[in-house]
Amino acid sequence: MSGRGSTELREAEDRYSLRIANPRKNVFVTQLDEGRDEEEGDVNYIPIITEPASKIVETSANTLQKTLVLKKEIEFDHVSALLVAKQLEFKKRMESLEQKRAEFIKRQENYKENALKFDKFLKDNNAKEKRALQKYQDEVKVNNTKQEEINELTQELEELRLRQQKLRKMTANYKIYEDYLSKVVAQCPKNYLDTDMDTQVKAVLWRHEALSATNQNLLSHLVSQSEDYEEAQHKLEELHQEHNTTMLMLNSEISQLQTKYDKLQETNNQLELEVNILKSHFRLQKEELSSLLLCIANLAEQCHMPHYGPLQNLPLLSKLDMIKEFILEKITITQLSS
């Protein structure tokens, strides 16, 4: 814009420059008058001038009013060009500021969206961690319950084994009596034991049968308890193995989630830093814009023109137009008065 204003100024100077026809020959006096009597009569002697040209133009009695008007018009064109350049510059800066404001709002929305996603991710991770911890606690309770059952079964099995050993010893001790009674029974008549007499031999035989049946029941129960114990032991080993596998998987998942959390935390910190930088930059631009608007408001208050209406209802561009019109009017008045 400065190049365009300079071009307009040069064109205005060329347009308003004075051209004098048949100029007289001007000679600056640098020597004495000796020997110059025979010079031509149309020579105009000009003494050396020490005053500036602008002062001479303004104070000289020979200066034409038109020359001053042309000078004021050149100054007016220059001021108009500068005002137009400032208006364009202000408009560009306003457009740039609006664009940066839109970008800032968009980035802020993106940051909010990322923050919401990150918060949701943290909540999901916390929920997964709670579920995994609850599952682990439930498995620990189940394992403890199974271990208590195994301990009870082991104790019961040990008691049954002791009882079995005791019964085997008793059976071995009574074996000689069983052999003796078997031989006696073999020697007795065929219908000897069918009598109604409650003899001691019959009572011993009944006792022996009862003990034998009890021994068989105990052996069967012992075998069943042994099988249950082995099955429970096998299930316990499976639970231990499953628990270890689950713990490894949970630890691996927790490690991955922790790594992802650290990365997201780092990204979040970087985004917060960028947001703070953008806020600081936006604050500086806002302060600069506020200062510029305040300057325009002050100028508009000083240059207020009634036909523009109330000052508080004027838009920004109307204020600039009013300031321009006021300056032009003042320049015109100055030209007319001079």
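Under full-length UniProt numbering, the residue at position 272 of the sequence shown is numbered 272, and the numbers go up by one with no gaps.
The beta-carbon is built from N, C-alpha and C at its ideal position, and this holds for glycine as well.
*asked:* What would DSSP say about lysine 25, mapped onto helix, strand or coil?
replied: The predicted position of lysine 25 is uncertain, since its pLDDT is 46 and thus under 50; a value taken from the coordinates is nonetheless stated next. In this structure, lysine 25 counts as coil in the three-state DSSP scheme.
*Exposed or buried, what is alanine 81 when buried is set at 16 or more other beta-carbons lying within 10 Å of its beta-carbon?*
In summary, alanine 81 is buried, with 16 or more beta-carbon neighbours lying within 10 Å of its beta-carbon over all protein chains present.
_Rounded C-alpha distance that separates leucine 211 from methionine 170_ = The alpha-carbon atoms of leucine 211 and methionine 170 are separated by roughly 10 Å.
*asked:* Here's a check: name, in chain order, each residue in its chain whose Cβ is nearer than 7 Å to the Cβ of threonine 267, leaving out the five neighbours to either side.
replied: Same-chain partners within the cutoff: there are none.
_Here's a check: name, in chain order, each residue in its chain whose Cβ is nearer than 7 Å to the Cβ of tyrosine 308, leaving out the five neighbours to either side._
Spatial neighbours of tyrosine 308 in its own chain (CB-CB distance under 7 Å, excluding positions within 5 residues in sequence) are listed in chain order as Leu314, Ser318 and Met322.
*Hey, how far is the Cα of glutamate 95 from the Cα of leucine 284?*
Whole-angstrom Cα-Cα distance: 16 Å.
*Select from Leu239, Glu89, Glu272 and Leu133 the residue whose C-alpha is nearest the C-alpha of glutamine 108.*
Closest option to glutamine 108, Cα to Cα, is Glu272.
_At least 3 beta-carbon pairs within less than 8 Å: the region 140 to 154 vs the region 232 to 244_ = Short answer: they touch.
*Report buried or exposed for alanine 300, applying the criterion of at least 16 other Cβ atoms within 10 angstroms of its Cβ.*
Sixteen is the threshold: when 16 or more other Cβ atoms of the shown chains lie within 10 Å of the Cβ of alanine 300, as they do, the residue is buried.
*asked:* Alpha carbons only, please: which of Lys279, Glu329 and His243 is nearest the one belonging to alanine 132?
replied: Cα-wise, what sits closest to alanine 132 is His243.
*Reducing DSSP to helix, strand and coil, say where leucine 328 ends up.*
In the three-state scheme derived from DSSP, where H, G and I count as helix and E and B as strand, leucine 328 is classed as helix.
*What are the boundary residues of the alpha helix (DSSP H) that includes glutamine 187?*
For glutamine 187, the enclosing alpha helix (DSSP H) has its first and last residue at 65 to 187.
*Rounded to a whole number of angstroms, what is the C-alpha to C-alpha distance between serine 291 and asparagine 251?*
The straight-line gap from Cα to Cα measures roughly 59 Å.
*Measure the C-alpha to C-alpha separation of residue 348 and isoleucine 296 and round it to an integer number of angstroms.*
An answer regarding residue 348 cannot be provided, because it is not within the stretch 1 to 338 covered by the chain.
*Output yes or no for whether 8 Å exceeds the beta carbon distance between glutamine 335 and valine 69.*
Yes.
*Identify, in the order they occur along the chain, each residue of the same chain with its Cβ nearer than 6 Å to the Cβ of leucine 157, setting aside the five sequence neighbours on each side.*
Gln225 and Tyr229, listed in sequence order.
*asked:* Just verifying my parser: in three-state terms, what is the DSSP assignment at cysteine 303?
replied: Cysteine 303: coil per DSSP, three-state reduction.
_Rounded straight-line distance, which links the Cα of phenylalanine 326 to that of leucine 88_ = Spanning the two alpha carbons is a distance of roughly 19 Å.
_For a quick check, are the C-beta atoms of leucine 264 and asparagine 125 less than 8 Å apart?_
No, the Cβ-Cβ distance between leucine 264 and asparagine 125 is not below 8 Å.
*Cβ shell of threonine 30 (< 8 Å), same chain only, five flanking positions each side left out*: Confidence at threonine 30 is low in this model, with a pLDDT of 48, below 50, so the placement of that residue is unreliable and no value is reported for it.
*Check each candidate in Tyr261, Tyr136 and Leu222 and name the one with the smallest Cα separation from threonine 246.*
It is Tyr136.
*Short check: CB of leucine 293 to CB of leucine 97, under 8 Å?*
No, they are not a contact pair.
*Keeping to the same chain, check which residues put their C-beta closer than 7 Å to that of leucine 311; ignore five residues upstream and five downstream.*
Cβ neighbours of leucine 311 beyond the five flanking positions: Ala300, Glu301 and His304.
*Kindly indicate which residue of Ala85, Ser220, Lys146 and Lys106 has the alpha-carbon position closest to the one of leucine 239.*
Cα-wise, what sits closest to leucine 239 is Lys146.
*Coarse secondary structure for leucine 314, derived from DSSP in three states*: DSSP, read as helix, strand or coil, puts leucine 314 in coil.
*Comparing alpha-carbon positions, which option in Val79, Ala85 and Ala115 lies nearest valine 275?*
Valine 275 has its Cα closest to that of Ala115, out of Val79, Ala85 and Ala115.
*asked:* Quick check on this structure: which residue in Leu181, Phe282 and Tyr174 has the alpha carbon closest to the alpha carbon of glutamine 99?
replied: The shortest C-alpha to C-alpha distance from glutamine 99 to any of Leu181, Phe282 and Tyr174 is the one to Phe282.
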